[in-house]
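Q: Just dropping this structure here.
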Amino acid sequence: MTHPKETWWVALIEVGVIINLVMVAFAYTTWLERKVLGRMQRRFGPNRAGPFGLLQPIADLVKLIRKESFFPASAHEIPYILAPILSTFTALAAFAVIPWGKGWTVHGYYIPGVVSNLPISLILIFALGSIGIYGYIVGGWASDSKYAILGSMRTCAQLVSYEVSLALSVLGVVLMGQSLNLVDIVDKQQTTVWFFIPQFVGLCVFLLGGIAETSRPPFDLPEADTELVAGYHTEYSGMRWGLFQMAEYINMIVLSSLAVTLFFGGWHFPWVPSLDKFGPIWFCLKLAILVNAFIWLRASQPRLRYDQLMRFGWKILLPAATINALVTALLVVWVK
Amino acid sequence: MAVAPEQTRGVIYEGTRIPSPIPTVLRVSDELTATGDVMQVNFGPNHPSTHGVLRLIVDLYGEDVVGLEAVIGYLHTGFEKSMEQKSWWKAITYPERVDYLSFQANEMAFVMAIEKLLDQDIPEKATWMRMCLCELNRIHSHLVWLGTAALEIGAISMFWYAFRERETILDLFEMVTGVRMHTRYFQTGGLAEDIPTGFYAQARAFCDQMPKGVDDYEAMLDKNKIWLERTVGLGLLSADDAIALGQSGPALRASGVNWDLRRDQPYLAYDQVEFEVPVYYEGDVYARYRCHMEEMRESTKIIRQCVDRLEKMNGEPWIADNRKVVLPPREELHTSMEALIHHFKIVTEGYRVPEGEVYVTIESPRGEMGCYVVSDGGAKPWRVKFRAPSFVALEATATCMHSGFIADMIAIVGSLDTVMGEVDR
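Going line by line, the protein sequences match chains C and V.
Okay, so the first sequence: first residue is 1 according to full-length UniProt numbering, each after it adds one.
Okay, so the second sequence: first residue is 1 according to full-length UniProt numbering, each after it adds one.
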């Protein structure tokens, strides 16, 4: 069998397609959220624009683009404009290393199932997430508003503390998969067992930390609307606000994808290897279930208080993640 | 006030926490000011969680609230003054709009004050119907409170579930009075119109539905760890402080003071119905929440008893037969000259109320709603003054706000159940 051609322009097209697909996924996550939330709260959710309100995200986009982008007089111009761009960029870039299929050969050209197959892809995702935090901090600081600063401080503290637990929680998976490459981890799960069974503690910590990391309720303190108006993006409007929103939702999608990849066998279908060629479909299904869980949580839980959030992060999640990582490490060595 | 010592369970806190000399202002200590780390934030009047247009000037030390000052007056509408320009029966529409959540109760306080000045009795049917509507209104107000207070703590779904039952109540109001809010159904001497057929069945259906609704709310909140963490032990107010600050209603009863005007100073026919007055002794946000929930259950009981009584009164008059105060029946206008004259007099000039002053208090959803009315014997009130329970409840904010975070402040202001329309009037 000849090795199929891997050319640079295939990768380029793939990048374009994936970025647009993620954006569409973002748009329809907002639709899904409003719809599901509506149904959970005895209302209809969007149902005016198009059938089942399916055109609502597009209507929102048009509205946001046409809206005045309010600019506070005392804002620091360059960081104020760059902050939302930075957040969105890192959120989008993180998706590059997530495998969503097996890879196909079309007319002799090889189309890989991941945009960029890096040996350290897991670390890259966390690194990009950490850079994304700068967007929130800088955005809040640059808008020169007290509410925004408070929101930024909260974001900073929350994201930094939960990042630690989050990174530790996947350590077990890394040890079991014996790789930092997400493609390898997915393949390893298919040959052994989906990691959510041996790594259940890790999964719980990862999901809880992930909700906090993406500032979703009940950990939405950075933008607690009843306390801080809108937190770090108080002074943002129009599409700049839209970019922050986009970053938040794409982060949620990336985190759910990461959970699927690390714990639920990625794009694989269980037991029936022949169905693996429909990888992207299984991947999307798993992703949708997780995203729904995020929305469900939002509908049912009140918001935590700041100190409770910190206590939870440092005193419960971090020890749990650490012990999980240690026990996994011992077991992996012992079994060998 | 009836505070039996055996009823107060434990000590909520030692001494008093009222930040004297001004009970509403919490000043930042000098040491903290000297650190230079205190940030002053202007909370409102435009803010998602200030119950309208409350403005709080908050001093923050990190996330801690170290200073607090409530600024009011953004919703001042001059209702009391406007009422002096309206004839007595037109002025009835104003108290409803003072507190847009407890319209029936406010309306009733004013109507009762007029009736007291006129020495006018009302038919039994009107008494029971007023009681029925006032209790419906109490549930309505508590539901809106529950929805918004939970929303402020982040439990967004509660809002719509609370509004599910609220909608049923508004439908009942619409059925009886033709409007959903600001009903103006209580008339000097009784009710504006007869109770429509079908009301009883629908009210009964509501009485069956409501306890289940309360069970639903409790299932959503009482078993929720985060909700408990956010409400238990927060915003403490001792019984002594509550009395010293003149608190009333659920805020007072949640602090362990067993005081309810419906039972302790009965008006209408509250002495003829059976109901419990829920009292909680913890004095925290959670106790206030519990108090509201239990009151909704008790109000449902009262409504059921009212409907039972009212059903037996079919065909009885709903308004007193006093042609000097009460509009004559419509059909008489075509045949009776006398009726036409009375109608003309009441509609144009209005009826005259004997000279005197009167103070009427009722237990509105928010607490003791007082209405002080002075008449100079003319067709218009000479002075009207409301004792607004929201205004008094707001005074307790600084006392409750003892070492808390911003998030607690929101929960506390929410739990005190203030309606800014009533505070500013």
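No residue lacks a Cβ here, since even glycine has one placed at the ideal position from N, Cα and C.
Verify the CB distance criterion: does S29(V) have a CB-CB separation below 7 Å to chain C?
A: Stepping through the second sequence from its first residue, residue 29(V) is reached at position 29. Look at S29(V): its C-beta is not under 7 Å from any C-beta on chain C.
Q: Tell me which residue opens and which closes the beta strand (DSSP E) that residue 431(V) is part of.
A: Residue 431(V) lies beyond the stretch modelled for chain V, which goes from 1 to 425, so this question has no answer here.
Q: Using only the alpha-carbon positions, how far apart do F52(C) and Y217(V) sit?
A: By 1-based counting over the first sequence, the position of residue 52(C) is 52. By 1-based counting over the second sequence, the position of residue 217(V) is 217. C-alpha separation (whole angstroms): 29 Å.
Q: Which term fits W271(C), buried or exposed, when burial requires 16 or more other beta carbons within 10 angstroms of its beta carbon?
A: Translated into positions along the first sequence, residue 271(C) becomes position 271. For W271(C), the number of other beta carbons within 10 angstroms of its own is below 16, and it is reported as exposed.
Q: Could you round the C-beta distance between P365(V) and R138(V) to whole angstroms and report it? I think they count as a contact, below 8 Å.
A: Here residue 365(V) refers to the residue found at position 365 when the second sequence is read from its first residue. Here residue 138(V) refers to the residue found at position 138 when the second sequence is read from its first residue. Right, the Cβ-Cβ distance comes to about 4 Å (below 8 Å), so this counts as a contact.
Q: Between the region 151-168 of chain C and the region 191-210 of chain C, can you find at least three pairs of beta-carbon atoms closer than 8 Å?
A: yes
Q: Going by the beta-carbon positions, is the gap between L180(C) and I131(C) smaller than 7 Å?
A: As a working mapping, residue 180(C) is identified with position 180 in the first sequence. As a working mapping, residue 131(C) is identified with position 131 in the first sequence. No, Cβ-Cβ distance for L180(C) and I131(C) is not below 7 Å.
Q: Could you list which residues in chain V have their beta carbon closer than 8 Å to that of M40(C), in chain order?
A: As a first step, residue 40(C) is located in the first sequence; it is residue number 40 there, counting from the start. The contacting residues are S157.
Q: I'd like the list of long-range same chain contacts for L92(C), defined as Cβ closer than 7 Å, with 5 residues on each side in sequence excluded.
A: The count along the first sequence starts at 1 and reaches residue 92(C) at position 92. Cβ within range, chain order: I19, V22 and I250.
Q: Quick check on DSSP: helix, strand or coil for N42(V)?
A: Here the question's residue 42(V) lines up with position 42 in the second sequence. Correct three-state label for N42(V): strand.
Q: Leaving out five residues on either side along the sequence, give the residues of the same chain with a beta carbon under 8 Å from the beta carbon of F278(C).
A: To locate residue 278(C), count along the first sequence from 1; it is residue 278. Cβ neighbours of F278(C) beyond the five flanking positions: F269.
Q: Kindly confirm or deny that the region 100-116 of chain V and the region 301-317 of chain V touch, where touching means at least three C-beta pairs closer than 8 Å.
A: Short answer: they don't touch.
Q: Can you name the start and end residues of the beta strand (DSSP E) that Y110(C) belongs to?
A: Sequence index remark: in the first sequence, residue 110(C) carries index 110 (1-based). Y109 to I111 is the extent of the beta strand (DSSP E) around Y110(C).
Q: Using 8 Å as the threshold, is the region 286-299 of chain C in touch with the region 135-151 of chain V, meaning 3 or more CB pairs across them?
A: no
Q: To the nearest angstrom, how far is it from the Cα of N322(V) to the Cα of G378(V)?
A: For the purposes of this step, residue 322(V) is identified with residue 322 of the second sequence, where counting begins at 1. For the purposes of this step, residue 378(V) is identified with residue 378 of the second sequence, where counting begins at 1. Approximately 18 Å, taken between the alpha carbons.
Q: Out of R263(V), D241(V), T335(V) and E422(V), point me to the one whose CA is closest to T24(V)'s CA.
A: Reading the second sequence from its first residue, position 24 is the one you call residue 24(V). Of R263(V), D241(V), T335(V) and E422(V), the residue nearest in Cα terms is D241(V).
Q: Would you grab the beta carbon distance between E107(V) and I122(V) for me? Rounded to a whole angstrom, and I think it's under 8 Å.
A: Taking the first residue of the second sequence as position 1, residue 107(V) is located at position 107. Taking the first residue of the second sequence as position 1, residue 122(V) is located at position 122. Contact flag wrong, Cβ pair sits at about 14 Å.
Q: Would you kindly work out how many angstroms separate the C-alpha atoms of E357(V) and D215(V), rounded to a whole number?
A: Reading the second sequence from its first residue, position 357 is the one you call residue 357(V). Reading the second sequence from its first residue, position 215 is the one you call residue 215(V). Each residue's alpha carbon lies about 45 Å from the other.
Q: Can you pull the chain V neighbours of P217(C), defined as C-beta to C-beta under 7 Å?
A: Residue 217(C) sits at position 217 when you count from the first residue of the first sequence. Residues of chain V passing the Cβ test: G154.
Q: Can you tell which of P48(V), F43(V), W160(V) and L416(V) has its C-alpha closest to the C-alpha of V58(V)?
A: For the purposes of this step, residue 58(V) is taken as the residue at position 58 of the second sequence. Per the Cα distances, F43(V).
Q: Can you list, in chain order, the residues of its chain with a C-beta nearer than 6 Å to that of H233(C)? Leave out the 5 residues immediately preceding and following it.
A: As a first step, residue 233(C) is located in the first sequence; it is residue number 233 there, counting from the start. Hits under 6 Å: W241 and F244.
Q: Just the Cα atoms here: how many angstroms apart are N258(V) and D264(V)?
A: Stepping through the second sequence from its first residue, residue 258(V) is reached at position 258. Stepping through the second sequence from its first residue, residue 264(V) is reached at position 264. Going by the C-alpha atoms only, they are around 9 Å apart.
Q: Can you tell me whether L330(C) is buried or exposed? The criterion is at least 16 other CB atoms within 10 Å of its CB, across all chains shown.
A: The residue you call residue 330(C) lines up with position 330 of the first sequence. Exposed, by the Cβ-count rule.
Q: So D307(C) contacts chain V; which residues on that side make the cut at Cβ distance below 8 Å?
A: Residue numbering aside, residue 307(C) sits at position 307 when the first sequence is read from its first letter. Under the 8 Å cutoff, chain V gives E63 and F405.
Q: Cβ of K63(C) less than 7 Å from any chain V Cβ?
A: For this step, residue 63(C) is matched to residue 63 along the first sequence. Cβ-Cβ to chain V under 7 Å: no for K63(C).
Q: Name the DSSP bridge partner or partners of F386(V)?
A: Your numbering for residue 386(V) matches position 386 in the second sequence. DSSP output for F386(V) lists C371(V) as bridge partner(s).
Q: Against chain V, with Cβ distances strictly below 7 Å, would L304(C) count as a contact?
A: On the first sequence, residue 304(C) is found 304 positions in, with the first residue counted as 1. Closer than 7 Å to some Cβ of chain V, the Cβ of L304(C) qualifies, so yes.
Q: Please check the pair G231(C) and E223(C), which I expect to be a contact at CB under 8 Å, by giving their CB distance rounded to whole angstroms.
A: Working through the first sequence from its first residue, we reach residue 231(C) at position 231. Working through the first sequence from its first residue, we reach residue 223(C) at position 223. Between E223(C) and G231(C) the Cβ distance is about 3 Å, and since that is below 8 Å, they are a contact.
Q: What do you get for A155(V), buried or exposed, if any count of 16 or more other CB atoms within 10 angstroms of its CB means buried?
A: Within the second sequence, residue 155(V) is the residue found at index 155, counting from 1. By the 10 Å Cβ count, A155(V) comes out buried.
Q: How would you label P319(C), buried or exposed, when you count the other beta carbons within 10 angstroms and need 16 or more for buried?
A: If you number the first sequence from 1, residue 319(C) lands on position 319. Answer is exposed; the Cβ neighbour count stays below 16.
Q: Out of Q85(V), R290(V), G256(V) and T33(V), state which residue places its alpha-carbon closest to the alpha-carbon of R383(V).
A: Against the second sequence, residue 383(V) aligns to sequence position 383. Ranking the options by Cα distance to R383(V), first place goes to Q85(V).
Q: Suppose contacts are defined by Cβ-Cβ distances below 7 Å. Is I72(V) in contact with D417(V) by that definition?
A: To locate residue 72(V), count along the second sequence from 1; it is residue 72. To locate residue 417(V), count along the second sequence from 1; it is residue 417. No, Cβ-Cβ distance for I72(V) and D417(V) is not below 7 Å.
Q: How big is the Cα-Cα spacing for V307(V) and A203(V)?
A: Position 307 of the second sequence, counting from 1, holds the residue named residue 307(V). Position 203 of the second sequence, counting from 1, holds the residue named residue 203(V). Each residue's alpha carbon lies about 7 Å from the other.
Q: Please report the straight-line C-alpha distance between L221(V) and P266(V), rounded to a whole angstrom.
A: Indexing the second sequence from 1 puts residue 221(V) at position 221. Indexing the second sequence from 1 puts residue 266(V) at position 266. Rounded to the nearest angstrom, the two C-alpha atoms are 33 Å apart.
Q: Could you give the uninterrupted runs of the alpha helix (DSSP H) lying entirely in the region 245-305 of chain C, keeping only those of 4 residues or more?
A: 279-300
Q: If we count Cβ pairs, one from each stretch, closer than 8 Å, do we get three or more for the region 24-35 of chain V versus the region 61-79 of chain V?
A: yes
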